[in-house]
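Protein chains in written order, with the working numbering: chain F, 51 to 360; chain P, 4 to 369.
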């Protein structure tokens, strides 16, 4: 299995403050991996260690098998980085910024011009070509930053809070672009504290106070937070008995009955396994089921549950 | 009014919370005063001169005695011949040579008019003028005192110069301008530039590319060196073409020592950028470091007129060696080789600052 990023017991102290506490992360090649958590959780510190900007206090970090602390340059050649705050040269034009970073990544001569034209086209920056980067609007700045991060066609793209303070249409644009990149085989590590965006990731790790609180796919994390999936049924009151004893039903969360009908929210171990058989069982027993569906649980709720114990 | 007050308070608060800038803003005037008093307030140094006594008689001894007692001079050498005396001035070992002619004592005792020759260095015009005036005064004073015993006589001081013709004020000012251009300007420019990258976080994007930290440092040095040297050449060209400045020595020698000074200043600027958190601090610090150079290295006032302690400080600073070399080349027509001592010291200081700054900056860029 080729891991794009493999962090083993990664730790970082700032003085006596433990910013990152022995975390283990494996990002598979070609997936979008989300690193979630509130501000101060240690996400940015982790990223800086992956990029070799900080030396870990303990543990190791490998990118495509390359040990970052031994061969940082090799890692940087195949990694693109889009930082949280706009960090390009405001007194250079869009084109000049792209050309500069193309050179710094080792592209030469005609290749620079070619690649820059490609990127201007790709990210709809052509009309801003000669404009100073400082004079661009927020969304355009972000597009430029992403273009720069991809100038050398990296295998791994690390994006730190790409959509912080950005309008919804641009947010959507970014995530569409990330999906396109994934199709092209690029691995992505994205940090965000917008839980709703995290739904877009293949797998996640939730961080809080330097530790990984949960990891896995969004649905598996939600399962972890609640101990299962939540299913909502609108059926007849008679169903309650069956529900209580049904295999896989862990708990009745909410019930509301009136006039013989029953609205109930139950916790099952796995919705995809249990929902259909459950409905079938009820119907086989002559109980009408008006509605049965899995309740969407937001990652935010899951996260709060996991961190605060809500 | 409330609005103004609120804003004023805000700005004062911000300033107070930046201790480095506060230090420089508040303490700087006090420190500068202290430095000024230390350097200029006390008894000045003594100007080294040489005396060629071709007479050796009683009166010439008395003259020499009174000159020594005058206090402003240090008679460093007693060369045997006028030629030797002149050589000493040419070499810069002394600022002036007084030549007492043979028969001086006899002439005085006989009440005749006598002359003494004073060989001055035109290329150090300021101090030459001072020596001229002081020596004149000393001689006149001697004349008055001794006329009581010997009767009336008069001594005329004959003025001779080396490296003449008279150096104009403008020509004298050129090294000063170059000092600003090659010391203050590059030092502050590079310090501010690096601090700006740090402040605006553009460093972050640079540092994740596979370039070396060497590349960043060297490219900054070269960029600012290029700009400043171009400026220097332009300034010099304009001075020569339009302001009648004459350069006696080789232009390439000037360029070489200027380039060396530039590199030195840039290195100090790098060091300043390591110590500054933001652009404001960087700029303040550059000015702060420039002030002792300005006061104590012969920038405005000859080093010899400063007190001994401060002279030691001045001689530690690179600007001192640059100014001497530049003046030697421009005003005296010397070659680099003739200024070897100064050039070597400048070279070593440059190397020291360069290595130190690169080492410290590399660590910081991490």
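A virtual CB, placed ideally from N, CA and C, is assigned to each residue, including glycine.
So what does DSSP say about residue 369/P, is it helix, strand or coil? Position 366 of the second chain holds residue 369/P. Caution applies to residue 369/P, whose pLDDT of 47 falls short of 50 and renders its modelled position unreliable; the model cannot decide the point.
Would you mind stating whether residue 139/F and residue 212/P have Cβ atoms separated by less than 7 Å? As a working note, residue 139/F is residue 89 in the first chain. As a working note, residue 212/P is residue 209 in the second chain. It is not a contact, given that the beta carbons lie outside the stated cut-off.
Alpha carbon to alpha carbon, what distance is there between residue 130/F and residue 184/F? Residue numbering aside, residue 184/F sits at position 134 when the first chain is read from its first letter. Residue numbering aside, residue 130/F sits at position 80 when the first chain is read from its first letter. One C-alpha to the other measures close to 22 Å.
Is residue 343/F helix, strand or coil by DSSP? The residue given as residue 343/F occupies position 293 in the first chain. Correct three-state label for residue 343/F: strand.
Inter-stretch contact (C-beta, 8 Å, three-pair minimum) for the segment 56 to 63 of chain F and the segment 240 to 255 of chain F: no
Check for me: the beta strand (DSSP E) holding residue 78/F runs from which residue to which? As a position in the first chain, residue 78/F is number 28, starting the count at 1. Counting along the chain, the beta strand (DSSP E) containing residue 78/F begins and ends at 67 to 78.
Assign residue 369/P to one of two classes, buried (16 or more other C-beta atoms within 10 Å of its C-beta) or exposed (fewer than that). As a working mapping, residue 369/P is identified with position 366 in the second chain. Since pLDDT at residue 369/P reaches only 47, below the 50 mark, its modelled position is unreliable, and the value read off the structure follows with that caveat. Residue 369/P is exposed by the Cβ-count criterion.
Thinking just about the alpha-carbon of each residue, which of 264/P, 27/P, 8/P and 73/P is nearest to the one in residue 290/P? In the second chain, counting from the first residue as 1, residue 290/P sits at position 287. Ranking 264/P, 27/P, 8/P and 73/P by Cα distance to residue 290/P puts 27/P first.
Looking at residue 278/F: is its Cβ nearer than 7 Å to the Cβ of residue 326/F? Position 228 of the first chain, counted from the start, is the residue given in the question as residue 278/F. Position 276 of the first chain, counted from the start, is the residue given in the question as residue 326/F. Not closer than 7 Å, so no.
Counting only C-beta atoms, is residue 135/F closer than 7 Å to chain P at any point? Taking the first residue of the first chain as 1, we reach residue 135/F at position 85. Answer yes: the Cβ-Cβ gap between residue 135/F and chain P drops below 7 Å somewhere.
List the residues of chain C whose Cβ lies closer than 9 Å to the Cβ of residue 103/F, in chain order. Absent from the structure: chain C. Protein chains present are F and P.
Could you list which residues in chain P have their beta carbon closer than 7 Å to that of residue 63/F, in chain order? By 1-based counting over the first chain, the position of residue 63/F is 13. What residue 63/F touches in chain P: nothing, since even the nearest Cβ is about 16 Å away.
Contact under 7 Å by Cβ, residue 66/P with residue 176/P: Numbered from its first residue, the second chain carries residue 66/P at position 63. Numbered from its first residue, the second chain carries residue 176/P at position 173. No, these two residues do not count as a Cβ contact at 7 Å.
Measuring CB to CB, does residue 182/F end up less than 7 Å from residue 148/F? Counting from 1 along the first chain, the entry for residue 182/F is found at position 132. Counting from 1 along the first chain, the entry for residue 148/F is found at position 98. No, they are not a contact pair.
For residue 140/F, which residues in chain P fall below 9 Å Cβ to Cβ? Counting from 1 along the first chain, the entry for residue 140/F is found at position 90. What residue 140/F touches in chain P: 203 and 205.
Reference residue 324/F; option with closest CA among 313/F, 282/F, 355/F and 356/F: In the first chain, the residue the question calls residue 324/F occupies position 274. Per the Cα distances, 282/F.
N-terminal and C-terminal residue of the beta strand (DSSP E) that residue 238/F is part of: As a working mapping, residue 238/F is identified with position 188 in the first chain. Counting along the chain, the beta strand (DSSP E) containing residue 238/F begins and ends at 237 to 242.
Of all the beta strand (DSSP E) runs that stay within the bounds of the segment 98 to 174 of chain F, which reach a length of 3 or more residues? 108 to 113 and 129 to 132
Counting only C-beta atoms, is residue 332/P closer than 7 Å to chain F at any point? Sequence index remark: in the second chain, residue 332/P carries index 329 (1-based). It does not: the Cβ of residue 332/P has no partner Cβ on chain F nearer than 7 Å.
For residue 266/P, three-class secondary structure by DSSP: Residue numbering aside, residue 266/P sits at position 263 when the second chain is read from its first letter. Three-state DSSP puts residue 266/P in a helix.
Tell me whether residue 103/P is buried or exposed, calling it buried when 16 or more other Cβ atoms sit within 10 Å of its Cβ. For this step, residue 103/P is matched to residue 100 along the second chain. Classification of residue 103/P: buried, given that the 10 Å Cβ count is 16 or more.
Pick out the complete alpha helix (DSSP H) segments inside the segment 192 to 223 of chain P, 4 residues or longer, and give them in chain order. 205 to 210
Assuming contact is defined by CB atoms lying nearer than 7 Å, are residue 222/P and residue 356/P in contact in what I supplied? Mapped onto the second chain, residue 222/P falls at position 219. Mapped onto the second chain, residue 356/P falls at position 353. The answer is no: Cβ separation not under 7 Å.
Looking at the structure shown, is residue 342/P part of a helix, part of a strand, or coil, going by DSSP? Within the second chain, residue 342/P is the residue found at index 339, counting from 1. Looking at residue 342/P - three-state DSSP - the assignment turns out to be helix.
Beta-carbon contacts of residue 335/P that lie in its chain and below 6 Å, excluding the five residues immediately before and after: Stepping through the second chain from its first residue, residue 335/P is reached at position 332. Closer than 6 Å at Cβ, skipping near neighbours: 126 and 166.
Rounded to whole angstroms, what is the Cα-Cα separation between residue 321/F and residue 355/F? The count along the first chain starts at 1 and reaches residue 321/F at position 271. The count along the first chain starts at 1 and reaches residue 355/F at position 305. So the alpha carbons of these two residues sit roughly 19 Å apart.
Between which residues of its own chain and residue 345/F is the CB-CB distance below 7 Å, once the five residues before and five after are set aside? Here residue 345/F is taken as the residue at index 295 of the first chain, counted from 1. These residues qualify, in order along the chain: 280, 281, 282 and 315.
What residue does the alpha helix (DSSP H) around residue 357/F start on, and which one ends it? On the first chain, residue 357/F is found 307 positions in, with the first residue counted as 1. Taken as a continuous stretch (DSSP letters only), the alpha helix (DSSP H) holding residue 357/F covers 349 to 357.
Using a Cβ cut-off of 7 Å, pull out every chain P residue sitting near residue 151/F, in sequence order please. As a position in the first chain, residue 151/F is number 101, starting the count at 1. By Cβ distance, chain P contributes 212.
Inspect the beta-carbon positions of residue 71/P and residue 98/P and report whether they are closer than 7 Å. Taking the second chain and counting its residues from 1, one reaches residue 71/P at position 68. Taking the second chain and counting its residues from 1, one reaches residue 98/P at position 95. No; because the gap between Cβ atoms is not below 7 Å, this pair is not in contact.
With residue 152/P as the anchor, note down where its alpha helix (DSSP H) starts and where it stops. For this step, residue 152/P is matched to residue 149 along the second chain. Unbroken alpha helix (DSSP H) run through residue 152/P: 128 to 153.
Scan the segment 264 to 302 of chain F and note each continuous beta strand (DSSP E) run of 3 residues or more that stays entirely inside, going in chain order. 279 to 286
Is the number of C-beta pairs between the segment 50 to 61 of chain P and the segment 78 to 94 of chain P that are closer than 8 Å three or more? yes
In three-state terms, what does DSSP make of residue 59/F? For this step, residue 59/F is matched to residue 9 along the first chain. The answer is strand: DSSP assigns residue 59/F an E or B state.
With a threshold of 16 other CB atoms inside 10 Å of the CB of residue 123/F, please say whether the residue is buried or exposed. Mapped onto the first chain, residue 123/F falls at position 73. So residue 123/F ends up on the exposed side.
Residue 61/P to residue 87/P, Cα distance in whole Å? Taking the second chain and counting its residues from 1, one reaches residue 61/P at position 58. Taking the second chain and counting its residues from 1, one reaches residue 87/P at position 84. Each residue's Cα considered, the two are about 23 Å apart.
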